[in-house]
DNA sequence: CACACAAATGTATGCGCATACATTTTGGTC
DNA sequence: GACCAAAATGTATGCGCATACATTTGTGTG
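Residue numbers (my numbering), protein chains in the order written: chain A, 2 to 351; chain B, 2 to 351.
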C-alpha cells in the first residue's frame, strides 16, 4: 500500500477523490466540512474513495480558502525545567481540543528572532509570547497588524493583554513564614531586574519586613550554575544570613546542595526556600519549601483566550493573574509532616 | 500604528505592496525570494512599502504555490520530565536553523490521535513520531502516502526508518557494575513489555548475568507513583533483592525515597540505579547512578535527517542508534567522588 | 548609431480547497 | 399527475503567492 517508501505516488486531491467517487469536488469538500448536508449513500461512496486513495486535505489550500490557519503560535524562551513543559502541555491540550495545531518557536539562542516571528505570524492565527518584553516594539507592531497577540508573564506594555501568575503576595506570605520561624537576617537571592516576576517577588519580600531594614538582594542568574557562587558568599561570611529566599528552585537547590556539602545544616543553620515547586523540590532532604504555580492552567487559559480572540469573540483585554500556593516542606524550618504530606503538591506529575 | 487593537486593518498582500511601491507583484515576490535579481533601487522601494504596510506574507498561500509547508510535524506522547523537552529543543533548533517551523502534537490523552495525525500530515512536509508503535498501521500508511515519516525510539516496523538511543549494552555494563560491587540478588524493576526500550534494557540486564539465574522482572509502570508499591514489596520481603535496577529515574527515585524513608540504607542495605539521568538524580543523597542519553542530539539528528528527506536528498533508510553513558554516583555502592565529580553529567542543563 | 544580448520587470497561470450561487433531484401535497 | 419547497449536487470563482514566459530596459560592441 506504501509501495516504495520514497516513491511517493502523486498525492490525492479533491479532484482525484471526486472522480473516483463519481461526484463533484464540492461534494467531496462537503463530506469533510458539513457531512449532514450530503446524502448518506453519496457520503459513503466519497469516504470509501478517500480511504482508498489515502487522501489527506492539503492544509495550506484549506487555510487559504478558509481564511484561517487553524494554528496557534507559541513562543517560549526555551524548555528546560518543568515550567515551560507544563505550560506547553496545558496550551497544546486546549488548542488540540479545538482542532488547532500549535507551532512552537523557541526564542533563546536565535540570532534573528524578529524574522522568525514574522514568518510565524504568516502561518498562524494568533501568537502567544512569553517574554514579549524582549521583542522590539517594531516587530510586535507588525505581528499585531496581522494576528492577535497575547503575552505570558507580566509585561510593561499596558496595551498587551497577558496572563501571569501571582508573585507579590505569595512572596510576602513566604517571607512572613520565615520571619515567624524567628529568622531575622533574610536575604533575597536573584536579580530583581532580571525579570518582572523576580522583581515582584522581591517586592513581596520587602513588603513582609514591615519597615524593618531589608538586606539588598544578592544578584544571581536563576540557574543551577549560580548556586555554588552564592553558597560560597554565605560560607565565607561575605553575606550574612540565616535564611535565603531564592528566586527559583533551581537556584535554591544548587545553593542548598553546596551549603550542605560544606557542612552547614539546612534548616537549623540556615533556611533556604525557592519558587516553582519542581519535582526535585520534594525529593531532596530537607524537602524544599517553595511556591507552586498553576503553570499548566496558565497555558490552558492562555490558549482558551487566544482561541476566543481568533474566532472573534470579543471580551475586553485584561491582565489576567492566576493565584499561586506556598508549599511548606522542611527547608524553611518546619518539622516533617506525615510522610506523604510533603508530596501534596505532587499531583501535577512532572 | 496599531490603532485599535482588535480593529485590525485589512492585511497587506503582495498586491497592496506592489501598488504602493509602483511595481508588479512578481517584483515584490522576487524581492523576498531572490533579492539579487531585483535592481537595488527597486528593491529598496519595495522594502519600504513592506515595512510601511507591516506586510507579512501569507504562509498558506506561499505553501500552496511553493509546494512546501516549510514545517516539520513532531509527535511526542507528552512532555513531563526533561527527556522530551531536551529532544524537542534539539529538534527545534535544527528545524528553525533551516527556516522551518515545528508543529507539535502530543498524543497522550487524545481520544482520536489518528485524526490529529492526518490533519498534521496536511500541514507539514514530514512527520517524526515517538511511539509510532501505537499508531494503527492504516493511519501510518495514509501518512506515508503524503509525507516522509521517521520513528523515534526503536520500533518493530522494519520498514520505518528511526532514531533511538542504545539500551542493551549500557544496561549490561551497568548490571556488571552492580555485580562487581558484590551484589548477587539483582532485580529489574519495570515491565519489559511496556516499551521496546525497557525490553532491551532488561535484555542487557539478563545478558550480564552470564547464565547465572536471573530473577523475573518486577512489573511496574515507569512512573513516580509506582515507587511506593515497589518499595513496599521489597520492604515486606516479598521480593528479595540487594540491588534494584529500575527502568527509569522517576521510578528509581520514588523507590529509593520510600526505602530510605522506611529506614533502609542505600546503597549499603540495597543498591538502586535508574535510567535517564534527570536533574534530580544528582541532587538526591545518595546520588543516583544512572544512564545518560544524548537526548538533545537525538532530536537534532532526527530533524536533520527529516530535513534531508524533505528536500529530497536520498541516502538509504537506516535504524540509527546513538550511544549512551553510564553515570556513576553513589546509589550503586560507589564512594562519593570529588564534590564536583558527581555533577559531571550536568552540562546539559535542565 | 545599429545591433545583440543580458538584466530587469511585467503578465498570466496554477497550486488545492471552500463556498456562493445555479441547477437538478426528491418528497410531499392537492 | 402537476406543482412546489426542500434537499442534494454541481459549477465557477477567489484565496495570496511563486514562477514560467513575455516584454521592456539597459549595456556593450562593431
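Idealized CB from N, CA, C, for every residue including glycine. Quantities reported herein were computed from a predicted structural model and do not represent experimental measurements.
Outcome for residue 336 of chain A when other beta-carbon atoms lying within 10 angstroms are tallied against a minimum of 16:
Counting Cβ neighbours within 10 Å, residue 336 of chain A comes out exposed, since fewer than 16 surround it.
Three-state secondary structure (DSSP) of residue 329 of chain B:
Residue state, collapsed to three classes: coil.
Below-9 Å beta-carbon distance, residue 142 of chain B vs any chain A residue:
Yes, its Cβ sits closer than 9 Å to a Cβ of chain A.
For the alpha helix (DSSP H) containing residue 176 of chain B, list its first residue and its last residue.
In the DSSP assignment, residue 176 of chain B falls within the unbroken alpha helix (DSSP H) covering 169–181.
Quick one: does residue 227 of chain A have its CB under 9 Å from some CB of chain B?
Judged by the 9 Å Cβ criterion, residue 227 of chain A is not in contact with chain B.
According to the neighbour-count rule (16 or more other Cβ atoms, all chains shown, within 10 Å of its Cβ), is residue 218 of chain B buried or exposed?
Buried, since its Cβ has 16 or more Cβ neighbours within 10 Å.
Give the secondary structure of residue 163 of chain B by DSSP, where H, G and I count as helix, E and B as strand, and everything else as coil.
When DSSP states are grouped into helix, strand and coil, residue 163 of chain B belongs to the strand group.
For residue 90 of chain B, which residues does DSSP report across the bridge?
Bridge partners of residue 90 of chain B: none, in fact.
Just to confirm, are residue 148 of chain A and residue 115 of chain A a CB contact at a threshold of 9 Å?
Result no, Cβ atoms of residue 148 of chain A and residue 115 of chain A do not sit closer than 9 Å.
By alpha-carbon positions, which one of B/13, B/47, B/37 ends up nearest to residue 29 of chain B?
Comparing Cα positions, the closest option is B/47.
Count the other CB atoms, across all protein chains shown, that sit within 10 Å of the CB of residue 392 of chain A; report buried if there are 16 or more and exposed otherwise.
In the structure as shown, chain A starts at 2 and stops at 351, and residue 392 of chain A therefore has no counterpart that could be examined.
Could you check whether the Cβ of residue 275 of chain B sits closer than 9 Å to any Cβ belonging to chain A?
Taking Cβ atoms only, chain A never reaches closer than 9 Å to residue 275 of chain B, which makes this a no.
Of all Cβ atoms in chain A, is any one closer than 9 Å to the Cβ of residue 87 of chain B?
With 9 Å as the cut-off, residue 87 of chain B counts as an interface residue toward chain A.
Where the stretch 34–61 of chain A meets chain B: residues whose CB sits under 9 Å from a CB there:
Going along the stretch 34–61 of chain A in chain order, one finds 52, 54, 55, 56, 57, 58, 59, 60, 61 with a Cβ nearer than 9 Å to chain B.
Who are the neighbours of residue 28 of chain A on chain B, taking C-beta pairs under 9 Å?
Within chain B, no C-beta atom comes less than 9 Å from the C-beta of residue 28 of chain A; the nearest is roughly 19 Å away.
Span of the alpha helix (DSSP H), counted from its first residue to its last, around residue 308 of chain A
If you look at residue 308 of chain A, you'll find it in the alpha helix (DSSP H) that goes 296–312.
Taking buried to mean at least 16 other C-beta atoms within 10 Å of its own C-beta, is residue 94 of chain A buried or exposed?
Burial call: buried.
Span separating the alpha-carbon of residue 330 of chain A from that of residue 285 of chain A:
Rounded to the nearest angstrom, the two C-alpha atoms are 10 Å apart.
Three-state secondary structure (DSSP) of residue 192 of chain B:
Taken through DSSP and simplified to helix, strand or coil, residue 192 of chain B comes out as coil.
Distance between beta carbons of residue 104 of chain A and residue 57 of chain B, contact taken as under 8 Å
Actually they do not touch by this definition, with Cβ atoms about 14 Å apart.
Does any C-beta atom of chain A lie closer than 9 Å to the C-beta of residue 24 of chain B?
For residue 24 of chain B, no Cβ of chain A is located within less than 9 Å of the residue's own Cβ.
Taking 8 Å as the cut-off, does the stretch 301–309 of chain A touch the stretch 144–162 of chain A (at least 3 CB pairs, one atom from each stretch)?
Taking one beta carbon from each stretch, the stretch 144–162 of chain A and the stretch 301–309 of chain A have 3 or more pairs nearer than 8 Å; the two touch.
Please determine, among A/247, A/263, A/245, the residue with the shortest C-alpha to C-alpha distance to residue 237 of chain A.
Closest option to residue 237 of chain A, Cα to Cα, is A/263.
Using a 10 Å radius around the Cβ and a threshold of 16 neighbouring Cβ atoms, would you call residue 251 of chain A buried or exposed?
Buried is the call here.
Residue 307 of chain A touches chain B at which residues, Cβ-Cβ below 7 Å?
Neighbours of residue 307 of chain A in chain B, taken as residues whose beta carbon is under 7 Å from its own, are absent, since the nearest beta carbon is some 14 Å off.
Looking only at C-alpha atoms, which of A/130, A/170, A/283, A/179 sits nearest to residue 162 of chain A?
Minimum Cα distance to residue 162 of chain A is reached at A/130.
Along the alpha helix (DSSP H) that carries residue 229 of chain A, what are the first and last residues, could you check?
Counted as a single uninterrupted DSSP element, the alpha helix (DSSP H) harbouring residue 229 of chain A occupies residues 227–236.
Cutoff 8 Å; reference residue 24 of chain A; Cβ partners in own chain excluding five residues on either side:
Answer for residue 24 of chain A: 43, 46, 47, listed in chain order.
By DSSP, does residue 106 of chain A sit in helix, in strand, or in coil?
Strand, per DSSP.
Does chain B have any CB closer than 9 Å to the CB of residue 125 of chain A?
With its beta carbon less than 9 Å from one in chain B, residue 125 of chain A belongs to the interface.
Apart from the five residues just before and just after residue 326 of chain B, which ones in its own chain have a Cβ nearer than 6 Å to its Cβ?
Cβ contact annotation for residue 326 of chain B (same chain, cutoff 6 Å, sequence separation greater than five): 293, in chain order.
Counting only runs that start and end within the stretch 247–274 of chain B, where is the alpha helix (DSSP H) found for 4 or more residues in a row?
The alpha helix (DSSP H) runs lying completely inside the stretch 247–274 of chain B and spanning 4 residues or more are 250–262, given in chain order.
At 8 Å on the CB atoms, spell out the chain A contacts of residue 131 of chain B, in chain order.
Residues of chain A passing the Cβ test: none, with the nearest at roughly 15 Å.
Give every residue of the same chain whose Cβ lies closer than 6 Å to the Cβ of residue 74 of chain B, excluding the five residues on either side of it in the sequence, and list them in chain order.
Around residue 74 of chain B, the same chain offers 104, 121, 125, 128 as residues with beta carbons nearer than 6 Å, after the five sequence neighbours per side are excluded.
Using a C-beta cutoff of 9 Å, does residue 70 of chain B count as contacting chain A?
Using beta-carbon distances, residue 70 of chain B counts as an interface residue toward chain A, with a partner under 9 Å.
Flag this pair as touching only if the stretch 241–257 of chain A and the stretch 191–211 of chain A have three or more C-beta atom pairs under 8 Å; answer yes or no.
Yes, since at least three Cβ pairs between the stretch 241–257 of chain A and the stretch 191–211 of chain A fall closer than 8 Å, the two stretches touch.
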